[in-house]
Every structure is written in structure tokens, then in C-alpha cells.
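Peer 1: Chains as they are written, first to last, in this note's numbering: chain B, 1190 to 1605; chain R, 33 to 260.
Glycine included, every Cβ here is placed at the ideal spot set by N, Cα and C.
Only a predicted model underlies this, so the values are computations on that prediction, with no experimental measurement involved.
One structure coming up, written as C-alpha cells, with questions to follow.
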Amino acid sequence: MVRGQVFAGAAASAEVLRQDLLTVRQDSGDAALADTVAQRVTRNLTPGTVLLLADAAGRPIAGNLSAWPPNVATDAHAGAVELYRIGRPLPEAMWVRATALPGGRRLLTGSVVEGERRAVRVLEAAMLFALSLAVAFAALASWLAARMIVLRLETTVATLGAVRDGDLSRRVPADATGDAFADLAGSVNAMLDRVEALVVELKIATDGLAHDLKSPLTRLRSALERAAVVVTEPAALEAVDRALAEGERLLALVETALRITRAEAGIGTESFTAVDLGGELEDIAEIYGPVAEDAGRDIRVAAASGVVLAVHRELLGQALGNLVDNALKYGAGTITLALTTAPGMVTVSVADRGDGIAPHDREAALRRFGRLDSARSGTGAGLGLSLVAAVARLHGGAVRLGDAAPGLVVAIDLPV
Amino acid sequence: MSAKILLVEDDDTTADFVSKGLTEEGYVVDRAANGRDGLFHATDGSYDCIVLDRMLPGMDGMAVLAALRASQIETPVIILSALGSPEDRVKGLTGGSDDYLVKPFAFAELLARIKLLIRRGTSAPAVQTVLSCGDLSMDLLARRVTRAGKTIELQPREFRLLEYMLRHAEQVVTRTMLLEGVWDYHFDPGTNVIDVHLSRLRKKVDEGFASPLLHTVRGAGYRLGVEP
């Protein structure tokens, strides 16, 4: 751009000179023009002026060029060239314009841009240097800014991480600067206060619910047990037994619903203990083995050994138990309890060789009480898979339903 | 002399039911309806076992327990509570109780657990290498089980199950006690999982012998014993 302006300036001054000379010629003729050219070159020469008046053959008549430049056409040529001026040791860049005069003579007017060009070159180099310096400074500044932001956010992020891992009492340390980060910390703390209050309330509510529901159930159970001692009639005994069993089922339902709610709220992370997961799968397989055999089924364990992870053993056991129970009720063939590891992840899964669950039904299967229609005829309340999902979330993991080709595989991904 | 039990329970219906049942079993039962009275009674230390409700008016059951243990009274305590989450149970057990039973409970289960605590309190368990009941005998070192001189082949899980039953011979053992005692699990296995284990064991232990040793206790669980 600067280059273009330099040449435009040279072209303009060359044009002024040309117009002057053409006016001289028009007014006073060819001889006067030759004189003026000679005068300009010898006496009144503006620095950088390039002038040549040549005859039709290109021989110089007057001017500061020794010959008509071969690379400049005789007429209407305008452009940048490099030429030696008389008395100059080095060629110079210049902008020239050739004009054919009536009578065959030619006039070359121009202006040297060599100085400007050098300046431009220096300017360009300077600009390049400045640019790289600016880029370096910008990078440094942005790195410092990012560093500062990260440092200021570090405590907030650490606090949120601790809260996610179950320590609801953690807060971002107070910050007296009063800037946007302090505001953020304040808002995060206010939000955490609210979350903690809600979780505590939920815990109180579920504890209260447990207590309020269980007291009448305890009395119901006592009454029925007393009745069982007194009555002797077989029909009455059977009725008492049925009532006891229904009470048990109701209680199990309430218990499971409470467990889900508490697990979803992250209550229970303080009970995590280091557990050998392979051994755990063996235990579950052992507990359910005889039931499976009686149903003509088979339970197999395919577990990587030595995988120890901090988990809520009881809830994970309940989750795996639910999955095996489901596989026994709704699946078919061999049940496989598997344990696989990937970087940062441990997966425990329960697979069967039955019909599986169609992909579009899988989400509904995970929803609470969302028993699939085809399973509605059985007992159970559809809380089994929801509990599994809640337990997975309590561990920071997730549940996947997949195709065991054939059959259903339910995988619990646990982050390490 | 019959054993003395202190029952601290604010719900009258439950307290009536429990104390009546325990009295019928031959225990002497004292009752307290709130935590303060309970602590007052308990501090004289003459009880063989204390059944303590957790949610009590006046003074919370856990506070009563803490006060008892702080004054060096080591009477076995079984907590009765509607709070049944794993965390609550751990809190109860680490708070100094010897057992934790979640409401609603079967009376037979409570009785079984009380008997266990009282027996544990009176006889220091010697290191036993042979367990027996009637003509059934288990050699823990050789891992061999015989009945009337005949060897019974058991799988490892059946062996552990029978070992648990033998260690609690003549007592009612509930399904949850078995799951806890044999697999250290405290969850609801759903289907009749434990019953199937027991019926397998019964086949090996009782089939082909004159009198059965493994008995089903109506509404409660199982009992290993010579008496039917």
C-alpha cells in the first residue's frame, strides 16, 4: 500500500513536470523546450527529476539520461523502471512517462523514487519487526491474563469439584478484591448454600417419611404376628401370611424409593470404601447361583482381577442384585457378570441371552417406575433399573443399556 | 435366673408387643418411654441387654447410647430404628451399639438377635475347631462335615452357610442375618434367594437321615437344632 502511494506521488510530480514542458513547447516551440529541459537539468533541477528530450532515433538532445532507455516504449509509456542517471554511480528506481511530440521527438519525464523506496523497505522491515514484537507481547499478555483467570478461578473450581464429590460443606474462600471473580465466588457460595439446604431438607423429609411410614408398618406387622400366633384356621393363617408378604413388599418399595432419592441427592458418598470389584461380582454370582440353577439358568463371571475402587459397597451390591434379578425374570440363557477396565474407567455389566430391549425403549426402561409394558404383568415396581441409574450417578458414572447380541447388557461405567 | 432386658421405646403399641413377646420367652422386661428414663434405668448396669429405639422424645437414642458408653457401661445394646439407610446403620454401629435392627421388624428376628447378644455377653467364645449339633459335626480345620459318621460333600458357600447355622445352633436365624453373616451384605436380594440356598443345604444335611436338623421357622427364618 505504502509502495503504491510512493509511486503515485512520483507519477504526480512527473506529470506536473510534463505538463509544464508541454506548455513551454506549445507556447514557444521545440527549441524553447530543448532549452528549458537543459536548464532544468543543469540549474533548476529539483532533486530526483528525470528528464530526456530525444530525437526520433532516440539520440538525446537534452536531459540527464545518457540515452533513451531501451525498455521504455517511445510513446504513452508510463511505469516504474530502474535506470542510471548521468553522474550517478548506481541505478535508481524511478517512475517515468514517455510522450511522443509532434515532429518525431520524444520526451521522457519522471521522478526518482529510490530514496522513498529505501524508506519503504526500512519501514516494511520495521513494521514486520513491530508486528512480531506485538504478536509476542499479545501472546505474553493473553497468557498472563489466562494464568491470572485460572489462578483466580482455581479455588472456585476446586470447591465445586469437592462438592460434586459429596462434600457439601465446602465453600469458595472469601475474596476481598470485590471484582468479578469475587462476585462469582459469592454467587457460587450462595448457590451452594441453597443446594446444601435443599439436600439437608430432603434428608430430613426422607428420614421423616421413613419414620412416619415405618411406624404404622411396624404396628401392622406386630398385629399380624400376634394374629398368626392366635389363629389356627388354615384359611386365616394363609390370609395373615399374605398380608405379611404384602406389607414386606410395600416396605421394600418404600425402602428402594428412599434409596434412589438419597442416592440422587448424593447422600452416601461418605460410605465409600475400597472394594475388590472382581470379588464383589463373584459374591453376587454366588448369592444368585442356586436361584439361577433352579430356573435352568447359569451365572458366569468374566472379571479382570485386582480392580479395587472406592464404592458404596451395599448400594452397588443392591444395584448388581437388581440387574441379576431382572435378568432372571425377564431375560433368558446364561447371565454374564463382567468387569472391564479402560483408561480412567471401570465398567461392570450384567448381560443375558434373552430378547433384550429395543433401542427406542431403553430410555423409558431407565426412568423411575417406567416399567416396560411387556413386563407389567410381573411383580416388582419398576424401580430396579432406576436404582441402578441412581447408584451409578452417585459414583459419578452412568448406566448404558446395550445389545448383547442377542440379549440385554446393562453396563455401569464407574470413573476411576 | 432369667435374663433382664431394658426396652426403651416411645411407641406404646410396639413396646407392648415387644415386651409381651419377650416376657413369654421368659425374660424379665423393664420399660422406659423416653431417653432420659432409659438412661436412668440403664446406668445401674444390671441388664443383660438393652433394646433402644433411636428416635425418642427428650433424649435421642444415640445420645443415650453415647452417655452409656461414656460411663463405661458395656451392656449389649440393640438399636431399633426406622432409619434404615446404610449410613444410618453404620452410624448406629460405630456409635457403640452391638446390633442394629430396622423397623418394621419381625419379632422372631429381634428375639434371635437379642439371644445372640446375651449369649455373646455371657460366654467368652473359645476358639472352636469343631462345631456340632446332634450327630452333625463340622471340622473347621479339615473343612470336613460328617453326619452320623457319613461324610457330606459341601460346596464352599454351603460350608459357610452351615458354619453360620452351627455357630448359631438352637437359635432362630433370619434371612437378613444369613445374608449379613455369610456374605457381609445388607440388601434386599429380591427373590427367594436365601430360601433356595437353605433348601439345597437341607437336601445334603437332612435327606436320608432319620430326623431333620434344619427347620423353617414360620415368618422368621431358620433354625438348626435337634428339637423339631
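1) If you draw a straight line from the C-alpha of alanine 1564(B) to the C-alpha of leucine 1398(B), how long is it?
2) Taking only beta-carbon positions, decide if methionine 87(R) is within less than 8 Å of chain B.
3) Are there three or more Cβ pairs, one per stretch, closer than 8 Å when the region 1410-1420 of chain B is compared with the region 1428-1438 of chain B?
4) Counting only beta-carbon atoms, is leucine 163(R) nearer than 8 Å to chain B?
5) Might you give, ordered along the chain, the residues of its own chain that have their beta carbon closer than 8 Å to the beta carbon of aspartate 1562(B), omitting 5 neighbours on each side?
6) Whose C-beta lies closer than 8 Å to the C-beta of isoleucine 226(R) among residues of the same chain, with five residues either side of it excluded?
7) Find the nearest neighbour of glycine 113(R) within the set Thr45(R), Arg86(R), Asp92(R) and Ser78(R), judged by alpha-carbon distance.
8) When the distance is taken between beta carbons, is valine 1239(B) closer than 8 Å to valine 1301(B)?
9) Roughly how many angstroms separate the alpha carbons of alanine 1220(B) and leucine 1279(B), rounded to a whole number?
10) I'd like to know whether the C-beta of histidine 1549(B) is nearer than 8 Å to at least one C-beta of chain R.
11) Smallest Cα separation from proline 89(R): which of Asp76(R), Asp130(R) and Asp44(R)?
12) What residues match up with lysine 36(R) in a beta bridge as DSSP calls it?
13) Determine whether the Cβ of serine 117(R) lies closer than 8 Å to any Cβ atom of chain B.
14) For glycine 1522(B) and leucine 1590(B), I'd like the C-alpha separation in whole angstroms.
15) Starting from histidine 73(R), trace the beta strand (DSSP E) both ways and give me its first and last residue.
16) Name the DSSP bridge partner or partners of serine 164(R)?
17) How many angstroms separate the CA atom of arginine 1306(B) from the CA atom of alanine 1197(B)?
18) Measuring CB to CB, does valine 214(R) end up less than 8 Å from leucine 246(R)?
19) In the DSSP assignment, the beta strand (DSSP E) including valine 1580(B) goes from what residue to what residue?
20) For alanine 1351(B), return the contacting residues in chain R, with the cut-off set at a CB-CB distance below 7 Å.
21) Given a threshold of 16 other Cβ atoms within 10 Å of its Cβ, counted over all protein chains shown, does glycine 1567(B) qualify as buried or as exposed?
22) Buried or exposed: where does aspartate 1544(B) fall if 16 or more other Cβ atoms within 10 Å of its Cβ makes it buried?
23) When you compare each of Arg1438(B), Leu1241(B) and Asp1216(B) to arginine 1294(B) by their alpha carbons, which one comes out closest?
24) Can you name, in chain order, every residue of its own chain whose Cβ lies under 6 Å from the Cβ of valine 1588(B), other than the five neighbours on each side?
25) Where does histidine 1266(B) sit, in a helix, a strand or coil, going by DSSP?
26) Please report the straight-line C-alpha distance between glutamine 1507(B) and isoleucine 146(R), rounded to a whole angstrom.
27) In the structure shown, what three-state DSSP assignment does glycine 1591(B) receive?
28) Between which two residues does the beta strand (DSSP E) carrying leucine 133(R) extend?
29) For isoleucine 9(R), count neighbouring Cβ atoms within 10 angstroms of its own Cβ and tell me buried if that reaches 16, exposed if not.
30) DSSP three-state call for glutamate 1271(B): helix, strand or coil?
31) Check the Cβ-Cβ distances between alanine 138(R) and every residue of chain B, and say whether any is below 8 Å.
32) On a Cα-Cα basis, can you pick out the residue from Arg1341(B), Thr1366(B) and Leu1381(B) that is closest to arginine 1359(B)?
33) How would you list, in chain order, the residues of chain R whose beta-carbon sits under 7 Å from the beta-carbon of isoleucine 1476(B)?
34) Give me the residue from Asn1511(B), Ala1492(B) and Val1598(B) with the minimum Cα distance to isoleucine 1449(B).
35) What are the residues in the region 95-117 of chain R lying within 8 Å of chain B by C-beta distance?
36) Rounded to whole angstroms, what is the Cα-Cα separation between lysine 36(R) and arginine 152(R)?
Peer 2: Reading it off the structure:
1) Along the first sequence, read from residue 1 onward, the residue named residue 1564(B) stands at position 375. Along the first sequence, read from residue 1 onward, the residue named residue 1398(B) stands at position 209. The predicted model places alanine 1564(B) with a pLDDT of 48, which falls under 50 and marks its position as unreliable, so this point remains unresolved.
2) Within the second sequence, residue 87(R) is the residue found at index 55, counting from 1. True, the Cβ-Cβ gap to chain B drops below 8 Å.
3) yes
4) Numbered from 1 along the second sequence, position 131 holds the residue referred to as residue 163(R). It does not: the Cβ of leucine 163(R) has no partner Cβ on chain B nearer than 8 Å.
5) In the first sequence, residue 1562(B) corresponds to position 373, counting from 1. At aspartate 1562(B), the pLDDT of 49 sits below 50, so the modelled position is not reliable; the number obtained from the coordinates is stated separately. Contacts found: none.
6) To locate residue 226(R), count along the second sequence from 1; it is residue 194. Excluding positions up to five away in sequence, the list reads Arg207, Leu210 and Leu211.
7) For this step, residue 113(R) is matched to residue 81 along the second sequence. Note that residue 113(R) is serine in the sequence shown, not glycine. Ranking the options by Cα distance to serine 113(R), first place goes to Arg86(R).
8) Against the first sequence, residue 1301(B) aligns to sequence position 112. Against the first sequence, residue 1239(B) aligns to sequence position 50. Yes; because the gap between Cβ atoms is below 8 Å, this pair is in contact.
9) As a first step, residue 1220(B) is located in the first sequence; it is residue number 31 there, counting from the start. As a first step, residue 1279(B) is located in the first sequence; it is residue number 90 there, counting from the start. C-alpha separation (whole angstroms): 31 Å.
10) Here the question's residue 1549(B) lines up with position 360 in the first sequence. No, histidine 1549(B) does not count as interfacial toward chain R.
11) Within the second sequence, the letter at position 57 stands for residue 89(R). If we check each option's Cα against that of proline 89(R), Asp44(R) comes out closest.
12) Position 4 of the second sequence, counted from the first residue, corresponds to residue 36(R). DSSP, once it has assigned bridges, lists Val60(R) as partnering lysine 36(R).
13) Stepping through the second sequence from its first residue, residue 117(R) is reached at position 85. By this cut-off, serine 117(R) is an interface position.
14) By one-based count along the first sequence, residue 1522(B) stands at place 333. By one-based count along the first sequence, residue 1590(B) stands at place 401. When rounded, the distance between both Cα atoms is 18 Å.
15) Working through the second sequence from its first residue, we reach residue 73(R) at position 41. Histidine 73(R) -> not in any beta strand (DSSP E); alpha helix (DSSP H) instead, spanning 67-74.
16) Residue numbering aside, residue 164(R) sits at position 132 when the second sequence is read from its first letter. Paired residues: Ser169(R).
17) Indexing the first sequence from 1 puts residue 1306(B) at position 117. Indexing the first sequence from 1 puts residue 1197(B) at position 8. Using only the alpha carbons, I get a separation of about 12 Å.
18) Locating residue 214(R) in the second sequence gives position 182, where the first residue counts as 1. Locating residue 246(R) in the second sequence gives position 214, where the first residue counts as 1. In this structure, leucine 246(R) does not lie closer than 8 Å to valine 214(R) by Cβ.
19) Translated into positions along the first sequence, residue 1580(B) becomes position 391. Run containing valine 1580(B): none in the beta strand (DSSP E); it sits in the alpha helix (DSSP H), 1573-1583.
20) If you number the first sequence from 1, residue 1351(B) lands on position 162. Under the 7 Å cutoff, chain R gives no residues; its nearest Cβ is about 19 Å from alanine 1351(B).
21) The residue given as residue 1567(B) occupies position 378 in the first sequence. Interpretation of glycine 1567(B) is limited by its pLDDT of 44, a score under 50 that renders its predicted location unreliable; no figure is taken from the coordinates.
22) The residue you call residue 1544(B) lines up with position 355 of the first sequence. Exposed: under 16 other Cβ atoms inside 10 Å.
23) Reading the first sequence from its first residue, position 105 is the one you call residue 1294(B). Out of Arg1438(B), Leu1241(B) and Asp1216(B), Leu1241(B) has the C-alpha closest to the C-alpha of arginine 1294(B).
24) Indexing the first sequence from 1 puts residue 1588(B) at position 399. These residues qualify, in order along the chain: Val1577, Ala1578, Ala1581 and Ile1601.
25) Taking the first sequence and counting its residues from 1, one reaches residue 1266(B) at position 77. Histidine 1266(B): coil per DSSP, three-state reduction.
26) For the purposes of this step, residue 1507(B) is taken as residue 318 along the first sequence, with counting starting at 1. For the purposes of this step, residue 146(R) is taken as residue 114 along the second sequence, with counting starting at 1. C-alpha separation (whole angstroms): 27 Å.
27) Here residue 1591(B) corresponds to residue number 402 of the first sequence, with the count starting at 1. Three-state DSSP puts glycine 1591(B) in a strand.
28) Locating residue 133(R) in the second sequence gives position 101, counting from the first residue. Where leucine 133(R) is concerned, the enclosing beta strand (DSSP E) stretches over 131-134.
29) For chain R, the structure presents residues 33 to 260; residue 9(R) sits outside this window and is missing.
30) Numbered from its first residue, the first sequence carries residue 1271(B) at position 82. Here glutamate 1271(B) sits in strand by DSSP.
31) Within the second sequence, numbered from 1, the residue matching residue 138(R) stands at position 106. Chain B contact via Cβ: present.
32) Position 170 of the first sequence, counted from the start, is the residue given in the question as residue 1359(B). The option with the nearest alpha carbon to arginine 1359(B) is Leu1381(B).
33) Here residue 1476(B) corresponds to residue number 287 of the first sequence, with the count starting at 1. Those within 7 Å of isoleucine 1476(B) in chain R are Trp215, Pro221 and Val225.
34) As a working mapping, residue 1449(B) is identified with position 260 in the first sequence. Among Asn1511(B), Ala1492(B) and Val1598(B), the Cα nearest to that of isoleucine 1449(B) is on Asn1511(B).
35) Ala114, Leu115, Gly116 and Ser117
36) Within the second sequence, numbered from 1, the residue matching residue 36(R) stands at position 4. Within the second sequence, numbered from 1, the residue matching residue 152(R) stands at position 120. C-alpha separation (whole angstroms): 15 Å.
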